[in-house]
Every structure is written in C-alpha cells, then in structure tokens.
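Here's the structure we're looking at; comments come further down.
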Amino acid sequence: MRHVGPYEITRELGRGAHGVVYEARRGPDSPRVAVKVLLRSTSDREGRARFTREAQIAGKLRHPGIVPVIDFGLHDEHPYCVMEFCEGSSLARLLAAGPLPPADAVEIVAEVAAAMDYAHRTGVIHRDLKPGNIMIDPQGRARVTDFGLARDRNLRESLTRTGDVLGTPVTMAPEQVRGERGVDHRADVYALGATLYRCLTGRYPHQARGAVELMEQVCSRTPPAPGELDPRISPELSAVCMRALEKLPAERYPSCEAFAAALAAALTAAAPAPRRRRRALALGVAGLGLLLALPVGWALRARGRSAAFTTTLAELESLRPTAADARAARGLLERARGLARHTDEGDAVEAARRRLTQGLLARVRGSTTGWGERAELLELVPALDPEAAQTAHSESLVQALALAAELGARGDGVPQGPELLRRLARGDAELVAQAAAFEAALSWERQVLEA
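Using the numbering used here, you'd call the opening residue of the sequence shown number 717 and step up by one each time.
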C-alpha cells in the first residue's frame, strides 16, 4: 500500500489484531502523521462504526496528555484515522526493561490521570487504558492514545451490548469483564491502578494461564499488595494502588483527579527509598508503539521536564482573564505544579495563578455585560484560588446586606426590590465581587417580607 486517502505511506509502524499503523505525509512539506487503518473492510458494519466513533471521540479531545486525531476517512472500504505523529516509546516498551522507581511510576500515572480527568469531564471514557496505549515522548511526558473502545456519555446510542467484553483483560475492571452496562469513568481508574501496579512491581495484578482463568481472578480474587511483592514500595503507595483496584466501582477513587492527589500524598508521606540504577530509556519514532531504538538515560527525562516546565509556565503566563483561558488554566496548573517539583519553580507557578485569579476578579467587578458573564467567571475562580473566592464571597455578602438594609429603611422598612435589582444589574463595581451578592440581597428581601 503506497497511499491511504491523500496520505503517502512512508513506512509501517505497527500492526495489531484489528489495525495497522503507518507513518505518512500528506505532501512533501507537510508534517509526519500516524495513520491507523482498520484491517476489516466496511462490510463489517459494527467494526466500521466503532472505528468511526473512535475518530469522532478522540477528535474532539484537546489536551497536552492526549494524542489528537486530526482526520479520518475511508480507503478501499477500510476506515482510517490520522493522528499527530508522536515520537517516543510506549510505556509497555519501557516496562519491558523492568519496574520503575516509585517516583517515576507515580509521575507517569499522575500525568495520565490528569489527561483522563479532562476526558471524563468532557464526557469520554477510554475503557482500554494500558501501558501499550500510553506514550512517553522524548521530553518524558506521558500521553494517552488509542480511544478505539472509548464511549461518549453524551451519545444517545451505544454500540456496546450487555454481555460484550471489550478491553484488555489484564487492565480491565470487573464490571467490564462481566460485560455489564453502565460502565463509567471508574473503569479507567481501575485500569490506571493496574497500570501503576505493573509499573511498580513489573507484573500485572492477576496472573493466569488463560483468558477465562484471568477473568475469573479479576472478578473474584484480591491480588497481593505491591508492597508484598517489593518491600521497597511504601505501605502508603501500596494502599493507594490497591484502592484503585477495588472490585466495586463505589469503593475506588471517585475520579482520576482524586487518584492522582492520593498518589502525590502517598509519595510525600513515604520515606525516601534508594533510587535504582538509572536505566537507558529506549526512545524513537512510534506513532502507536513501534520504535527506533535510541538509548537515552533517565537524565533526559529530567532535562525534558525542565524544558517542558518552561513551556508550560510560558503558556500559563500568557493566559488572559477570560472564561476559555480560565478553563484551560486548570490542566496547565496541574501540569506545571507536577513539573515544578523537579525545578524548584513552584513560586513562579503560584504567581501566575494569582495573576490570573486577580484578573478574573477584576473583570467580574468591572463587567458591563450583565450577570451571565460574571457568574460564568466566578464559577471558575474556586478551582484557581478557593481562598480568594471565599474572601470575595464574604466581602460581597456584607456589601449586599448593607445595600439591602439601606433600601429597606425606606417605605416602612420593606426593601425596594425593583430598585435593588436595577442597581445590582447596572454592575456597580463594589457590588459584583461575587455573584452571591445578588442572591444574598434577594434572600435578605425574602426574610424581611416573610417576617
């Protein structure tokens, strides 16, 4: 095959049971891309529909930790999708050399957790997270790929029937193994827990001779804790991993964000363990996992983290006090804080956060476009600075009550509701530090009228 649609094939990168991945270009001066072609023809309507859905779902995800889909189509009745070309090694290839030091394992899993938390908030569940679907780029960043089994909670129709078993058994949650309906984002939490287990111990939670035995173990047996297999793994980190692997979704972490926070706390609480001798990290060109071997020491990860921090901080500092940029700030802050642990630049991250928060509050106070914009901006403040949001709320509550009291002194003590609403709607700067001012004034009015 020399072409796939308008893309000229350069070479084959990898081949699996369902598809083949090529390196390609659209033109001689265009950037390299990875093209995944479904092996089955479009006569398999369900396979085609799943493949098209993968492209549609992954195409709407835009996060530094997710390899984006940029195009898709049909070629000789075979569906294909085009992804950004990602240089680096799959985590699976990296783990072939053995388990990782706990700090490195936590860093990788936490980065994937941040990407998946974004996907979950967008309404997308991956359902096949595993080391082979996690790329480590030359800068040491973890990126999620292959949303082939993903489900969009916002879609009315589902291609998954009760009893279908979709995913990779070694990282599948029990509810997936049983083919249950209603599988939600906590299945991805389980898969991340299984991936962490593999990173820490060099093996998956369950070991079996065949698929049936493996699935029985996933559903009914508790694996040994990582600390039982390697005493260098702290009890705190071991406990966090085991909670992510709970059989019942309700007993796992409620989100990938909560899982990542628990990992960070466990790593901080644990006594420093001796670092293993640094390994060479095989890096190379790999759209979805096939590599050109390029030995690079773990020091490259440190240098890459420093460069990645500089880029992330610059992007964070360039944000403006708008709703769109404030939403983007959450993911950037998570990433910058994680990278800052290795650069001693935490103060710069917090300074950028404070500038953005104060800019948002200033825009709220000076807004002339009505309560809709103010409310939208203020909803974003707590995620950036809970303390500032609480202070603004307290100040505005006092202001609102003072105004209501002033107006309530007229007309036999009954607040002049229409006048109050008009003044609040005009956007007096001293009244709009928090949208709660509006609600506080109305609440005060109701209390007086009911008295």
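The beta-carbon is built from N, C-alpha and C at its ideal position, and this holds for glycine as well.
Among T938, Y969, G1075 and P817, nearest to T917 - alpha-carbon criterion | Residue P817 is the option with its Cα nearest to T917.
Work out the CA separation of A977 and E1031 for me, nearest whole Å.
-> Annotation: E1031 to A977 spans about 23 Å, alpha carbon to alpha carbon.
Note down the Cα distance separating P795 from D787, rounded to an integer number of angstroms.
-> Near 11 Å, if we compare the C-alpha coordinates of D787 and P795.
Chain B contact for Q923 (CB, 8 Å cutoff) = The chain inventory of the structure shown lacks chain B, comprising one protein chain alone.
Roughly how many angstroms lie between the CA atoms of Y906 and V751, to the nearest whole one?
-> One C-alpha to the other measures close to 29 Å.
What residue from Y969, Y913, S971 and I773 has the CA that sits closest to D946's CA?
-> With distances taken between Cα atoms, D946 lies closest to Y913.
To which residues of the same chain is G1020 closer than 6 Å at the C-beta, ignoring the five residues directly before and after it?
-> Its pLDDT being 47, under 50, G1020 is placed unreliably by the model, and nothing is read from it.
Have a look at S936, L810 and A903 and flag the residue whose alpha-carbon is nearest the alpha-carbon of P970.
-> Answer by Cα proximity: A903.
Which ranges does the alpha helix (DSSP H) cover as unbroken runs of at least 4 residues, wholly within the segment 791–874, from first to last along the chain?
-> For the alpha helix (DSSP H) assignment, the uninterrupted runs of no fewer than 4 residues enclosed by the segment 791–874 are, from N- to C-terminal side, 807–811 and 818–838.
With DSSP run on the structure shown, which of helix, strand or coil describes I725?
-> Here I725 sits in strand by DSSP.
Give the range of the beta strand (DSSP E) segment to which L754 is assigned.
-> Run containing L754: V749 to L754, per the beta strand (DSSP E) assignment.
How is the alpha helix (DSSP H) around V737 delimited, first residue to last?
-> Going by DSSP, V737 is part of no alpha helix (DSSP H) but of the beta strand (DSSP E) stretching over G735 to R741.
V785 classed as buried or exposed, judged by whether at least 16 other C-beta atoms fall within 10 angstroms | Counting every other CB atom within 10 Å of its CB across the protein chains shown gives V785 a total of 16 or more, marking it as buried.
Below 8 Å on the Cβ atoms is my guess for S950 versus A941; work out the distance and round it to an integer in Å.
-> About 11 Å separates the Cβ atoms of S950 and A941, ruling out a contact at the 8 Å cut-off.
Verify whether the separation of the beta carbon atoms of C935 and P890 is less than 8 Å.
-> Less than 8 Å divides the Cβ of C935 from the Cβ of P890.
CB-CB under 6 Å to E1050, same chain, minus the five flanking residues each way: which ones, in chain order?
-> Contacts found: A830.
As assigned by DSSP and simplified to three states, the class of V1065 | Three-state DSSP puts V1065 in a helix.
Does DSSP put G730 in a helix, a strand or coil?
-> Strand.
DSSP beta-bridge partners of H901 | Per DSSP, none; premise fails for H901.
Report back the beta-carbon spacing between A1028 and A1052 to the nearest angstrom; my notes put them in contact at under 8 Å.
-> One point to set straight first is that residue 1028 is Thr, not Ala, in the sequence displayed. Indeed they touch by this definition, with Cβ atoms about 5 Å apart.
Of the residues R742, S746, G775 and A819, the one placed nearest R952, counting alpha carbons only | Going by the sequence as given, residue 952 is Glu instead of Arg. Residue A819 holds the alpha-carbon nearest to the alpha-carbon of E952 among R742, S746, G775 and A819.
Identify, in the order they occur along the chain, each residue of the same chain with its Cβ nearer than 6 Å to the Cβ of R1017, setting aside the five sequence neighbours on each side.
-> Unreliable positioning characterises R1017 in this predicted model, as indicated by a pLDDT of 49, which lies under 50. The coordinate reading is nonetheless provided below. The residues are G856.
What do you get for T938, buried or exposed, if any count of 16 or more other CB atoms within 10 angstroms of its CB means buried?
-> In the assembly as shown, T938 is an exposed residue. Its beta-carbon has fewer than 16 other beta-carbons within 10 Å.
Taking the alpha-carbon positions, what's the V899 to H842 distance?
-> A direct Cα-Cα distance of roughly 11 Å separates V899 from H842.
Can you give me the start and stop residues for the alpha helix (DSSP H) that A1043 sits inside?
-> First, the amino acid is wrong: residue 1043 is Arg here, not Ala. Its alpha helix (DSSP H) spans residues A1039 to A1056.
According to the Cβ coordinates, are A808 and E827 closer than 8 Å?
-> The Cβ atoms of A808 and E827 lie no closer than 8 Å to each other.
How many Å lie between P722 and G775 at the Cα?
-> Rounded to the nearest angstrom, the gap between the Cα atoms of P722 and G775 is 19 Å.
So is D1063 buried or exposed if we call it buried at 16+ other beta carbons inside 10 Å?
-> By the neighbour-count criterion, in which a residue is buried when 16 or more other Cβ atoms sit within 10 angstroms of its Cβ, D1063 is exposed.
Beta-carbon proximity check, L1100 vs A1042, cutoff 8 Å = In contact: L1100 and A1042 (Cβ atoms closer than 8 Å).
Integer-rounded CB distance, given that V753 should sit under 8 Å from H791 = Correct: roughly 7 Å between the Cβ atoms.
Nearest-angstrom Cβ-Cβ length linking R718 and F801, presumed shorter than 8 Å = Between F801 and R718 the Cβ distance is about 19 Å, and since that is not below 8 Å, they are no contact.
With burial defined as no fewer than 16 other Cβ atoms inside 10 Å of the residue's Cβ, what is the status of L1072: buried or exposed?
-> L1072 comes out buried.
Using 10 angstroms around the beta-carbon of Q923, count the other beta-carbons present and answer buried if the total reaches 16, otherwise exposed.
-> Q923 should be labelled exposed.
Check each candidate in P847, M799 and Y920 and name the one with the smallest Cα separation from R741.
-> It is M799.
Please report how far the alpha carbon of R731 lies from the alpha carbon of G848, in whole angstroms.
-> Their Cα atoms are separated by approximately 13 Å.
Alpha-carbon spacing of V720 relative to K846, whole angstroms | Pairing V720 with K846, the inter-Cα distance amounts to about 28 Å.
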